[in-house]
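Trainee: Chains as they are written, first to last, in this note's numbering: chain A, 36 to 223; chain B, 36 to 223. Note that CB positions come from ideal geometry on N, CA and C, so glycine has one too. Encoded as structure tokens, here's the structure I'll be asking about.
Number of protein chains: 2
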Amino acid sequence: MNQKQQGPNLWREETVSTQPIFEGKVITLQVDTVSLPNGKTATREIVKHPGAAAVMALKDGKLLVVEQFRKPLEKFQVEIPAGKLDPGEDPMEAAARELEEETGYRAEHLRLVSAFFTSPGFADEKLYLYFAESVLPGRSNPDEDEYLEVEAITLEQAERYIEEGRISDAKTVLAVYAWKLYAATGHI
Amino acid sequence: MNQKQQGPNLWREETVSTQPIFEGKVITLQVDTVSLPNGKTATREIVKHPGAAAVMALKDGKLLVVEQFRKPLEKFQVEIPAGKLDPGEDPMEAAARELEEETGYRAEHLRLVSAFFTSPGFADEKLYLYFAESVLPGRSNPDEDEYLEVEAITLEQAERYIEEGRISDAKTVLAVYAWKLYAATGHI
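What follows is the structure in structure tokens.
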């Protein structure tokens with residue numbers, strides 16, 4: 036895979052130079068100059084991110100979600116529990132950790148639904164989405180600067196939240212699609 | 036909506052200060068300092084993006100996809116046609132434009148499937164996903180520094196591409212879920 040020959044229409048962009056711009060707590064930013072088939076160069080703005088894990092967890096058939104303020108959007112959002120990976124952390128362990136920290140429930144069993152890049156045009160963030168068909172009581176322990184409220188919602192509520200814009204992030208919208216498919220076919 | 040009262044568990048993060056870091060062709064980066072309920076402050080790294088539009092377009096029942104090199108991932112990826120919004124551009128017009136530029140086909144009719152934020156933890160990018168049940172011949176005219184190959188794939192191929200990691204971005208994975216749901220229920 037990805038061993039493609041280069042051709043005029045399929046071109047691996049080799050790095051001519053890399054300019055580091057910013058190193059933050061969560062992301063780093065660099066601008067790469069790359070070579071093109073026409074002999075010219077172009078720049079690519081690249082955000083590096085450690086990756087993240089999220090869980091669609093059902094409690095008595097309802098989806099566990101958390102509401103919190105999302106500063107980049109300047110609004111409150113309802114999302115499935117999620118968080119970024121600690122260095123070297125296994126995505127499934129991160130998913131289990133975030134679920135318990137944010138909701139106070141533990142997954143009995145986690146299964147990978149999908150792993151996807153959120154914004155491949157400018158970022159390398161990879162998100163691992165897990166499914167837990169049932170949960171057990173655990174301990175709630177949100178991060179120090181994380182303020183959120185937990186709710187368990189039906190599929191109809193989830194669809195209404197999407198219509199209202201209260202749910203509008205990729206991972207949660209995808210989780211609701213997966214849930215609808217699960218409800219319709221028994222498979223996820 | 037989003038008129039919530041602040042409380043200890045649901046807190047609107049007011050901006051104490053904003054530090055501009057970078058202004059690029061595609062994204063800008065800033066670091067905001069925000070106030071927390073405990074009287075402390077925290078920083079939020081925020082990428083601003085103009086938004087994007089994507090199309091899941093069926094040609095004779097097959098999904099039109101494009102393969103291209105994604106520099107942030109350092110690999111080739113198969114994705115549905117997509118591109119960022121020009122300033123002030125209507126997302127549906129952007130979707131129609133990108134579909135024709137990248138694949139050489141025009142949509143007869145576009146319908147919004149979903150609009151979602153790709154990475155609400157650090158970016159404000161909003162992606163508008165449209166569905167076209169059929170296409171007509173148009174004109175192919177990729178951007179000057181865009182090199183890609185077009186393919187029309189079956190649902191089975193799409194699922195295999197996901198397994199192989201050739202399809203692994205949020206919008207295309209979501210499109211395949213929506214397609215599976217469409218195949219199972221007749222609704223999207």
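1) For a test of the three-state rule: what should DSSP assign to B:Gln174, helix, strand or coil?
2) Examine chain B for any beta-carbon lying closer than 9 angstroms to the beta-carbon of A:Gln192, and answer yes or no.
3) Below 6 angstroms CB to CB, which residues in the same chain sit around A:Tyr163 once its five sequence neighbours on both sides are set aside?
4) Mapping DSSP to helix, strand and coil, what is B:Ile81?
5) Does any residue of chain B have a CB that is nearer than 9 angstroms to the CB of A:Gly96?
6) Report all residues from its chain with a CB closer than 6 angstroms to the CB of B:Tyr217; omit the five preceding and five following residues, and keep chain order.
7) Just mark B:His230 as buried or exposed, buried being the case when its beta carbon has 16 or more other beta carbons within 10 Å.
8) Taking the DSSP output, what are the residues bridged to B:Leu183?
9) What residues from chain A crowd round B:Trp214, counting only those whose CB sits closer than 9 angstroms?
10) Taking the alpha carbon of A:Tyr165 as the point to measure from, which residue in A:Lys215, A:Ala117 and A:Thr76 has its own alpha carbon closest?
11) Identify the contact partners of A:Glu48 in chain B, using a Cβ-Cβ distance below 8 angstroms as the criterion.
12) Could you check whether the Cβ of A:Val66 sits closer than 9 angstroms to any Cβ belonging to chain B?
13) Name the two residues that bound the continuous alpha helix (DSSP H) containing A:Ile56.
14) Mapping the DSSP letters down to three states, classify B:Thr153 as helix, strand or coil.
15) Three or more C-beta pairs closer than 8 angstroms, one from the region 62-78 of chain A and one from the region 89-98 of chain A: is that the case here?
16) Grouping DSSP H, G and I as helix and E and B as strand, with all else coil, what is B:Val61?
17) With C-beta atoms as the reference, is A:Tyr212 less than 9 angstroms away from A:Val113?
18) Could you tell me whether any non-hydrogen atom of the ligand FAD is closer than 8 angstroms to the CB of A:Pro116?
19) Can you tell me which of A:Val82, A:Ser70 and A:Glu48 puts its alpha carbon nearest to the alpha carbon of A:Phe57?
20) State whether the region 124-141 of chain B contacts the region 166-182 of chain B, with contact taken as three or more CB pairs (one from each stretch) at a distance under 8 angstroms.
21) Measure the C-alpha to C-alpha separation of A:Val185 and A:Glu80 and round it to an integer number of angstroms.
22) Kindly indicate which three-state DSSP category A:Glu191 falls into: helix, strand or coil?
23) Between which two residues does the alpha helix (DSSP H) holding B:Leu162 run?
24) For the region 64-74 of chain A against the region 43-50 of chain B, are there 3 or more C-beta pairs whose distance is under 8 angstroms?
Mentor: In terms of the structure at hand:
1) Note on residue identity: the sequence assigns Arg, not Gln, to residue 174 of chain B. Judged by DSSP in its simplified three-state form, B:Arg174 adopts coil rather than helix or strand.
2) Residue-level contact by beta carbon fails for A:Gln192 and chain B, as no gap is shorter than 9 angstroms.
3) In chain order, Ala88, Pro126 and Ala150 place their CB closer than 6 angstroms to the CB of A:Tyr163, counting only its own chain and leaving out the 5 sequence neighbours on each side.
4) B:Ile81: strand per DSSP, three-state reduction.
5) At a cut-off of 9 angstroms between beta carbons, A:Gly96 makes no contact with chain B.
6) Around B:Tyr217, the same chain offers Ile223 as residues with beta carbons nearer than 6 angstroms, after the five sequence neighbours per side are excluded.
7) For chain B, the structure presents residues 36 to 223; residue 230 of chain B sits outside this window and is missing.
8) DSSP lists B:Gln103 as partners of B:Leu183.
9) Within chain A, no residue comes near B:Trp214; the closest Cβ sits about 10 angstroms away, beyond 9 angstroms.
10) Nearest C-alpha to A:Tyr165: A:Ala117.
11) Taking the beta carbon of A:Glu48 as reference, the chain B residues within 8 angstroms of it are Phe104 and Lys106, listed in sequence order.
12) Yes, its Cβ sits closer than 9 angstroms to a Cβ of chain B.
13) Careful: A:Ile56 lies outside any alpha helix (DSSP H), inside the beta strand (DSSP E) at Thr50 to Glu58.
14) In the structure shown, B:Thr153 sits in coil (DSSP, three-state: anything other than H, G, I, E or B).
15) With the rule of 3 Cβ pairs closer than 8 angstroms, the region 62-78 of chain A does not count as touching the region 89-98 of chain A.
16) In this structure, B:Val61 counts as coil in the three-state DSSP scheme.
17) A:Tyr212 places its beta carbon 9 angstroms or farther from that of A:Val113.
18) For the ligand FAD, the structure offers nothing, since it holds no ligand at all.
19) Each of A:Val82, A:Ser70 and A:Glu48 was checked against the Cα of A:Phe57, and the nearest Cα belongs to A:Val82.
20) The region 124-141 of chain B vs the region 166-182 of chain B: in contact.
21) Distance between the alpha carbons of A:Val185 and A:Glu80: 36 angstroms.
22) In this structure, DSSP gives A:Glu191 a helical state, which the three-state scheme calls helix.
23) It is not in any alpha helix (DSSP H) - B:Leu162 instead sits in the beta strand (DSSP E) that spans Lys161 to Ala167.
24) No: fewer than three Cβ pairs fall under 8 angstroms.
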